[in-house]
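Trainee: Handing you a structure now.
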Amino acid sequence: MSARSYESVEFGEDLPEVEPDVGMENVKRFCRSAMMYGPRFTDHEKAKKEGLPSAIVPGIMSQGLLGAIIHNWAPGCTIKSIDTVFRAPLSVDSKPTCRAVVTDKDDDTHSIEIDLTIVNEAGETRVLGTAKVEL
Amino acid sequence: MRGAEVSALVILDLHNHSIKSDDGRAKVENYCQWISKKGIGVDGFVLTEHRQFDAESDYRPLEDEFGILILKGSEVETDYGHVLVFGVNDEMQTAFDFTRIGLSAELVVREVKRCGGIAVPCHPGRTQVGMLAHVRERGAVDGVEVIETLNGGSRGSENDDAQSLAEEFSYRGIGGSDAHIVSHIGRCSTRFDQDIEDMDGLVEALRTSRYEAVRVSS
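Taken in sequence, the protein lines are chains A and B.
The first sequence begins at 0 in numbering that gives the first Met the number 0 and counts up by one.
The second sequence begins at 0 in numbering that gives the first Met the number 0 and counts up by one.
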């Protein structure tokens, strides 16, 4: 059971922004948990040797961060799907912001669609996507 | 057109994608709802689906409901990067294969013009999929008159580089959001000094009117 009712949600409603911790220690902790051992995620110098600008945040970690925004906003809701497009690498040790906004309501199924973005300090979109959520 | 500020009659967002594009996640109805709800200062937008022209979809009911002009173009992929195509018609669709990757940019620009449309290289400052790096390597493409100087998805200096390219070759500049999700529509647009009611009018305006790329706020 979601803490938010379908009726209480408005088209265009912003979910609270989150500035996630994508520092090296936190990313290493995630990689250990997910058993992702690629140095591109955990070593800036080795990532650069692969042609990346720095170590990058794993895509599934970004998806997890975006999912967390939704669950923080509506505890108990069901995320039916998250569909992301990785536009540009998200650097480890950067200060990104995760944003989400309601962009569709389906009265028949009582589900909503949410736009998701992760932007860097310059306001550039690094990850974008959508989620379908049942309240 | 560069120079004095254009007195706006119409503001159109000339570069957007819907769920018809492989990487598009937005329904057209939701674009309209968003513009209306957020008070985005655009009079309409163009859907430029990747590597295709959507001849079937009829958005007139949405135009009527929301009072927003919805036009359809395409974004094709050439050896000089991605190119927006306005004024797509049957003749143009037989002139080259919209689905093909690596089309000759020169052919696209020439054939689009011959068929009555206009081809506009988009996000030219972007690596690989933009025209700038290819121009530096192989020279300019004959026939280009307009490029996208303001793209809502640009990063770093990409828009500045596009503007510099436009100034270097005396190209005119347009703006488009390059939206793939609902909340990104209306970030960048093009302000025209004449009224535009359909795609023919847009093509004519891009050729002859005064216009400028602008960032739009609600």
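From the three backbone atoms N, C-alpha and C, an ideal C-beta is built for every residue, glycine too.
1. Is any beta-carbon of chain A found at less than 8 Å from that of Gln-32/B?
2. Assuming the contact rule is C-beta atoms closer than 8 Å, Asn-29/B and Ala-178/B should be a hit. Round their C-beta distance to whole Å, please.
3. List, from N- to C-terminal side, the alpha helix (DSSP H) runs of 4 residues or more that fit wholly inside the segment 86 to 130 of chain B.
4. Tell me whether Tyr-36/A is buried or exposed, calling it buried when 16 or more other Cβ atoms sit within 10 Å of its Cβ.
5. Based on the DSSP secondary-structure assignment, which residues constitute the bridge partners of Arg-28/A?
6. So, at 7 Å on beta carbons, what are the nonlocal neighbours of Tyr-58/B in its own chain, with the 5 sequence-adjacent residues on each side left out?
7. Quick one: what's Leu-149/B bridged to in DSSP?
8. For Gly-86/B versus Met-130/B, is the C-beta distance shorter than 8 Å?
9. So that I know if they touch, is there some Cβ in chain B lying closer than 8 Å to that of Asp-105/A?
10. For chain A, check one thing: does any of its Cβ atoms lie closer than 8 Å to the Cβ of Gly-152/B?
11. Can you tell me whether Ile-59/A is buried or exposed? The criterion is at least 16 other CB atoms within 10 Å of its CB, across all chains shown.
12. On the criterion of 16 or more Cβ atoms from any shown chain inside 10 Å, does Gln-32/B qualify as buried, or is it exposed?
13. How would you call Ala-3/B, buried or exposed, if buried means at least 16 neighbouring beta carbons within 10 angstroms?
14. Classify Gln-127/B as buried or exposed, calling it buried when 16 or more other Cβ atoms lie within 10 Å of its own Cβ.
15. Taking the C-alpha atoms as reference points, what is the distance between Ser-90/A and Ala-46/A?
16. For a cutoff of 8 Å on Cβ pairs, would you count Ile-180/B as touching chain A?
17. According to DSSP, is Val-3/A part of a helix, a strand, or is it coil?
18. Work out the CA separation of His-109/A and Leu-134/A for me, nearest whole Å.
19. Let's see if you can read the secondary structure: which residues bound the alpha helix (DSSP H) around Ala-64/B?
20. Can you name, in chain order, every residue of its own chain whose Cβ lies under 6 Å from the Cβ of Leu-14/A, other than the five neighbours on each side?
Mentor: For this structure:
1. yes
2. Not really, about 11 Å apart at Cβ, beyond 8 Å.
3. 89 to 94, 104 to 113
4. exposed
5. Arg-28/A pairs with nothing; no bridge assigned.
6. Val-27, Ile-69
7. Gly-174/B
8. no
9. no
10. yes
11. exposed
12. buried
13. Bear in mind that a pLDDT of 46 at Ala-3/B, under 50, signals an unreliable position, so the number given afterwards is only what the model happens to contain. Exposed, because fewer than 16 other Cβ atoms sit within 10 Å of the Cβ of Ala-3/B.
14. exposed
15. 10 Å
16. yes
17. At residue 3/A the sequence reads Arg, which differs from the Val that was named. Of the three classes helix, strand and coil, the one that applies to Arg-3/A here is coil, per DSSP.
18. 7 Å
19. Sequence check: residue 64/B is Glu here, not Ala. 59 to 65 is the span of the alpha helix (DSSP H), which, as asked, contains Glu-64/B.
20. Ile-68, Trp-72, Ala-99
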